[in-house]
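Numbering (the numbering used here), first residue to last: 102 to 337.
C-beta: ideal position from N, C-alpha, C; glycine also.
It should be emphasised that the depicted structure is a prediction, and the values quoted were computed from it without experimental measurement.
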């Protein structure tokens, strides 16, 4: 929540992009916490396998039931936005793992109450830990992908190049950079080599066509284009 509010702050002369990356950093932090939690779960499960001890299954069932109710409410509130924002998705995965944990603990408590099979508790812990670890690493990969300014997933630079070079008057594009500030905030910059010497008014029309093509076909709304005529030598 703090990251979401921080990301809404306006740009300044020092922070020209504002604090938009705060949500990505929060997602990365949340995912790292998930990984640490999974390691802790594996450690606890190993200890309980080696040294099993009696468990108060009724207390275990009661606490897990209370936790399940709280997690159901939290997961329900975040589910609708989990696919729109990496930060919210990280929080959703965190809460969903808690939700699964509560269910697993309830099942385990019932099984232990009936059979006194205390190994069920660490076995369930390992299964939960595997899920948490998998989801945590996935979000770490996605957030790192954005922070390292890699090309956003689902966008092909060759397709962009072909689309722009199909515009009449554009000879080629080069010095291309494509990155994301957030999942929805994608930036594109490039040099455009025009096919002939043009007036500024003509190049403005070309830039407008290029911007419309990028927005329509690739959902790119932040575009910086440098117009050139035989300026960058040796560039195809």
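Next on the checklist: Along the chain, where does the alpha helix (DSSP H) containing residue 131 start, and where does it finish?
Outcome noted: Along the chain shown, read from residue 1 onward, the residue named residue 131 stands at position 30. Taken as a continuous stretch (DSSP letters only), the alpha helix (DSSP H) holding residue 131 covers 123 to 151.
Next on the checklist: Here's a check: name, in chain order, each residue in its chain whose Cβ is nearer than 7 Å to the Cβ of residue 282, leaving out the five neighbours to either side.
Outcome noted: Locating residue 282 in the chain shown gives position 181, counting from the first residue. 118, 121, 122 and 288, listed in sequence order.
Next on the checklist: Assuming residue 204 is part of the alpha helix (DSSP H), what are its boundary residues?
Outcome noted: Sequence index remark: in the chain shown, residue 204 carries index 103 (1-based). Where residue 204 is concerned, the enclosing alpha helix (DSSP H) stretches over 187 to 216.
Item to check | Top-ranked residue by Cα proximity to residue 245, from 193, 125 and 102 | outcome: Translated into positions along the chain shown, residue 245 becomes position 144. Nearest C-alpha to residue 245: 125.
Checklist entry - What is the DSSP secondary structure of residue 160, reduced to helix, strand or coil? => result Translated into the one-based positions of the chain shown, residue 160 becomes position 59. Residue state, collapsed to three classes: helix.
Next on the checklist: Is the beta carbon of residue 163 closer than 8 Å to that of residue 214?
Outcome noted: What you label residue 214 is simply residue 113 of the chain shown in a count that begins at 1. What you label residue 163 is simply residue 62 of the chain shown in a count that begins at 1. Contact: no.
Next on the checklist: When you compare the segment 264 to 277 with the segment 245 to 256, are there three or more beta-carbon pairs, one atom per stretch, that lie closer than 8 Å?
Outcome noted: no
Checklist entry - Does the distance from the CB of residue 311 to the CB of residue 268 come in under 8 Å? => result Within the chain shown, residue 311 is the residue found at index 210, counting from 1. Within the chain shown, residue 268 is the residue found at index 167, counting from 1. Cβ distance < 8 Å, so residue 311 and residue 268 count as in contact.
Item to check | Proximal residues to residue 262 (C-beta, below 6 Å), its chain only, five neighbours per side dropped | outcome: Looking up residue 262 in the chain shown gives position 161. Here the set comprises 274.
Checklist entry - Taking the beta strand (DSSP E) that residue 272 falls in, what are its first and last residues? => result The count along the chain shown starts at 1 and reaches residue 272 at position 171. That run of the beta strand (DSSP E) goes 271 to 281.
Checklist entry - For residue 327, which of 291, 301 and 302 has the nearest alpha-carbon? => result For the purposes of this step, residue 327 is identified with residue 226 of the chain shown, where counting begins at 1. Here the closest residue by C-alpha is 291.
Next on the checklist: Give me the residue from 314, 173, 304 and 296 with the minimum Cα distance to residue 195.
Outcome noted: As a position in the chain shown, residue 195 is number 94, starting the count at 1. That would be 173, whose Cα lies nearest to the Cα of residue 195.
Next on the checklist: Just to confirm my understanding: we take residue 168, look at its own chain, exclude 5 residues before and 5 after, and list those with CB closer than 6 Å. What are they?
Outcome noted: Reading the chain shown from its first residue, position 67 is the one you call residue 168. Closer than 6 Å at Cβ, skipping near neighbours: 203.
Checklist entry - Which two residues bound the contiguous alpha helix (DSSP H) that contains residue 243? => result Counted from its first residue, the chain shown places residue 243 at position 142. From DSSP, the alpha helix (DSSP H) with residue 243 extends over 221 to 248.
Checklist entry - Alpha carbon to alpha carbon, what distance is there between residue 149 and residue 114? => result The residue you call residue 114 lines up with position 13 of the chain shown. The residue you call residue 149 lines up with position 48 of the chain shown. Each residue's Cα considered, the two are about 56 Å apart.
Item to check | Integer-rounded CB distance, given that residue 256 should sit under 8 Å from residue 295 | outcome: Residue mapping note: residue 295 aligns to position 194 of the chain shown, counting from 1. Residue mapping note: residue 256 aligns to position 155 of the chain shown, counting from 1. Rounded, the Cβ-Cβ distance is 24 Å, inconsistent with contact.
Checklist entry - Which word fits residue 313, buried or exposed, when buried means at least 16 other C-beta atoms lie within 10 angstroms of its C-beta? => result Taking the chain shown and counting its residues from 1, the one referred to as residue 313 is at position 212. That one is exposed.
Item to check | Rounded straight-line distance, which links the Cα of residue 286 to that of residue 187 | outcome: Indexing the chain shown from 1 puts residue 187 at position 86. Indexing the chain shown from 1 puts residue 286 at position 185. Distance between the alpha carbons of residue 187 and residue 286: 12 Å.
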